[in-house]
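Numbering (our numbering), first residue to last: 2 to 292.
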Amino acid sequence: MSVVSEAAVGYKPGRTLSVWTEVRRQAARRRTQFALGFMVLLPLIVLGAFAWNPGGGDGDGDGDGNGGFSALVDVATSGGPNFALFTIFVSAGFLLVVVVALFCGDAVASEASWGSLRYLLAVPVPRSRLLAVKLTVALLYTAAAMLLLLGTALLAGTLAYGWDPLQAPVGGTLSAGAGVGRLLLVLGYLFAMMLVVGALAFFLSVSTDAPLGAVGGAVLLYIVSSILDQIDALGGIRDLLPSHFNDAWLGLLSTPMQTADVARGLVSAVVYTTLLLVLSWWRFLRKDVVS
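The following block contains the structure:
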């Protein structure tokens, strides 16, 4: 007996829902435009704040334990690279977490909430391919948002304050060119750490039909991790928290670079990201979507 293929003539699973198609779909969405727009707007807001209150960064931290932050404020107006470093510093703790959670948490849950997910799968787009394309595009937009933030801060800071050497918060000075290279390394490390947030948001996105729940849940859980990391009584348990090595990027600004904690942070990010993505695939491949 001959075997008759049930697939449509010309159907190729690998050519359904291309990355470029998804990039264009997401580019048309207001939340993408808003997120990328805010990456441009934030450095300008910070620049305006410094222009409004030029002496706002003076001081020694007032003994409140924020001496490191005060030091960054004091040098933020000392050239474009320093302004860019300050912008990254104030964004890393919360803004970047929200952005990556927005892109990754909204990826699948929004399709489910609109009712379009079942139609995508009925095209048919293989489930694994749909997840891979959705995640890839979400991470591409995350990387674009971070580069946009750094690029805007560098340009705005240079136009306002000149192209001066980078004054590292841990001590030492780097030439402006070398400083930009270090800032790119810092951004790369932060992107790796944000992968954990993205993977968590993505897992929640395939588990719920509520995009806000996926985004908010990922942000909330990461904030809880950051709070727990401040509790000294937890001792070595804090090393296992996904947010424990968030500030290790400061070592990339020292001379020579201190990479021990950076390496630990990268290992932690890879482990958590891999685990959460495996769970995402396992969950979605078994989820009843089309009924």
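From the three backbone atoms N, C-alpha and C, an ideal C-beta is built for every residue, glycine too.
Predicted model, so just to flag it, every value in this text is computed and none were measured.
Residue i lies in the alpha helix (DSSP H); which residues open and close that run?
i, result
"N83", "81–93"
"W1", "Absent from the structure is residue 1, since the part of the chain shown begins at 2 and ends at 292."
"G180", "177–208"
"V171", "Taken as a continuous stretch (DSSP letters only), V171 belongs to no alpha helix (DSSP H), as it is neither H nor E."
"W53", "31–53"
"T21", "The question names Thr, yet the displayed sequence has Trp at residue 21. Its alpha helix (DSSP H) spans residues 20–28."
"R119", "118–122"
"F104", "96–115"
"I228", "212–230"
Go ahead and label residue i buried or exposed: buried means 16 or more other beta carbons lie within 10 angstroms of its beta carbon, across all protein chains shown.
i, result
"A110", "buried"
"T275", "exposed"
"D165", "buried"
"Y120", "exposed"
"V279", "exposed"
"L286", "exposed"
"Q27", "buried"
"L160", "exposed"
According to DSSP, residue i sits in a beta bridge with which residue or residues?
i, result
"L150", "In the DSSP output, where bridge partners are listed per residue, L150 has none listed."
Q. Within the chosen definition, does the region 162–182 reach the region 244–257 through at least 3 CB pairs nearer than 8 Å?
A. yes
Q: Check whether the region 39–49 touches the region 145–158, counting contact only when three or more Cβ pairs, one atom from each stretch, lie closer than 8 Å.
A: yes
Q) So does the region 97–112 actually touch the region 211–228, counting three or more Cβ pairs closer than 8 Å? A) yes
Q.
Under 8 Å, with one C-beta from each stretch per pair, do the region 120–129 and the region 214–225 reach the 3-pair mark?
A. no
Q. Between the region 81–97 and the region 124–138, do three or more beta carbon pairs fall short of 8 Å?
A. no
Q. Can we say the region 185–194 touches the region 72–80, given the rule of at least three CB pairs closer than 8 Å?
A. no
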